[in-house]
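Just below is one structure, and these are the notes that go with it.
2 protein chains.
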Amino acid sequence: MKQPLHTVRALADEIRMRAWKALEPGELCLCELIELLDRSPATVSKHLSLLRQAGLIEYRKEGRWHYYGRAKYAGASARMLGALDRMLDGDDAVRADKKHLNRIQRKSREELCQCYRKK
Amino acid sequence: MKQPLHTVRALADEIRMRAWKALEPGELCLCELIELLDRSPATVSKHLSLLRQAGLIEYRKEGRWHYYGRAKYAGASARMLGALDRMLDGDDAVRADKKHLNRIQRKSREELCQCYRKK
DNA sequence: ATAATACTTCGACAATTAACGAAGTAACGA
DNA sequence: TCGTTACTTCGTTAATTGTCGAAGTATTAT
Chain A
1 MKQPLHTVRA LADEIRMRAW KALEPGELCL CELIELLDRS PATVSKHLSL
51 LRQAGLIEYR KEGRWHYYGR AKYAGASARM LGALDRMLDG DDAVRADKKH
101 LNRIQRKSRE ELCQCYRKK
Chain B
1001 MKQPLHTVRA LADEIRMRAW KALEPGELCL CELIELLDRS PATVSKHLSL
1051 LRQAGLIEYR KEGRWHYYGR AKYAGASARM LGALDRMLDG DDAVRADKKH
1101 LNRIQRKSRE ELCQCYRKK
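Chains A and B supply the protein sequences, listed in that same order. The numbering used here puts the first sequence at residues 1 to 119. The numbering used here puts the second sequence at residues 1001 to 1119.
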């Protein structure tokens, strides 16, 4: 039961499912995900660490920035996750996130990460 | 986000994932699932009602017995659930359940459903 | 050095969920 | 009709999970 359950549980949360889907085209910096998901840095960080524990995403540090991206999947996992991607393509929230992410990525680094200075 | 999340959440529990997998070959009576999953009737019934709300299983009544079986899936859902089935095939707990279920199904109706008389 | 930035981890609290006994319902049997 | 059986729903309790502020860490800037 271990691995499939672990994988499914990791995706069984709105924030984590949206984050995972947002990483389909490529890696993102945490600050972009914070802005996209509209949660505190601590919360987003914790969700991503959960996805990481499940082996669904990886991350690399580049100076101060932490980039998260999908892991490589194989076998039945890959097929399951691929099918889930297709299920999510039609979803309203996912499409809203896509638009939102486009706007976010047009911003500069200075405009982003405002979340740390906001108060 | 609605449907895919609903589906994934329904499966994000050990008992429900085992129940769902146990229904792959065909429908089962609740008392068989109670014996298999080793939980109280109330607990098993509630888990199955959750799977039903997610559209993953259906049930029909035949006299006093309630038979649960998988729903028909289509499109990306079908592919996702099919891949999940393959992921689960290798799992130890799933294989133990298969053996256990074989033994359970050799029992008569009178031997089964002892769970209601046990105390 | 010192200060700021971009995060993560910790600790606390609130909300959600799993579990089951007890009470309720529907079907069958005497 | 009255009891029994097979189950569901309800109500409570315990455990888990989501959330975020505060404190901690690593990296860059001055």
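We put the CB at the ideal spot given by N, CA and C, even for glycine.
Exclusion of the five residues before and after B/L1036 leaves A1022, D1097, H1100, L1101, I1104 as the residues of its chain whose Cβ lies within less than 7 Å of its Cβ. Residue-level contact check: B/E1024 does not touch chain A, since none of the beta carbons of chain A fall below 7 Å from its beta carbon. Within the segment 34-99 of chain A, the runs of beta strand (DSSP E) at least 3 residues long that lie entirely inside it are, in chain order, 57-62, 65-70. Residue contact with chain B for A/D97: absent (no Cβ-Cβ distance below 7 Å to any residue of chain B).
The C-alpha of A/G69 lies about 11 Å from the C-alpha of A/L33. Listed in chain order, the non-local C-beta contacts of A/E24 below 8 Å within the same chain comprise R70, D85, local neighbours out to five positions each way being set aside.
Looking from the CA of A/R95, the closest CA among A/K2, A/R18, A/T7, A/D13 belongs to A/R18.
Counting of Cβ neighbours within 10 angstroms places A/R9 among the buried residues, the total reaching 16 or more. Inter-residue distance for B/L1028 and A/P4 is about 23 Å (C-alpha atoms, whole angstroms).
For B/L1050, the CB contacts under 7 Å within the same chain, skipping 5 residues up- and downstream, are A1010, R1016 in chain order. The shortest CA-to-CA distance from A/L112 to any of A/M1, A/L30, A/V44, A/G26 is the one to A/L30. Nearest in C-alpha terms to B/E1014, of all of B/G1026, B/K1002, B/T1043, B/G1063, is B/T1043. The closest CA to that of B/K1072, considering only B/S1108, B/A1054, B/D1089, is found on B/A1054.
A/D91 is positioned such that its CB atom lies closer than 7 Å to that of B/M1001. Sequence-distant Cβ neighbours of B/C1115 in its own chain, meaning closer than 6 Å and more than five residues away, are I1034. In the DSSP assignment, A/M1 falls outside any alpha helix (DSSP H) and carries neither an H nor an E. Contact annotation: in the segment 66-91 of chain A, residues whose CB is within less than 7 Å of a CB in chain B are A76, S77, R79, M80, A83, L84, R86, M87, L88, D91. DSSP, read as helix, strand or coil, puts A/L112 in coil. When DSSP states are grouped into helix, strand and coil, A/L11 belongs to the helix group. Closest in alpha carbon position to A/Y59, among A/G26, A/K107, A/A93, is A/G26. If the five residues before and after B/S1045 are omitted, its C-beta is found closer than 7 Å to the C-beta atoms of L1030, all from its own chain and listed in chain order.
As computed with DSSP, A/C31 is found in no beta bridge at all. Closest in C-alpha terms to A/H47, from the list A/D89, A/A12, A/K107, comes A/A12.
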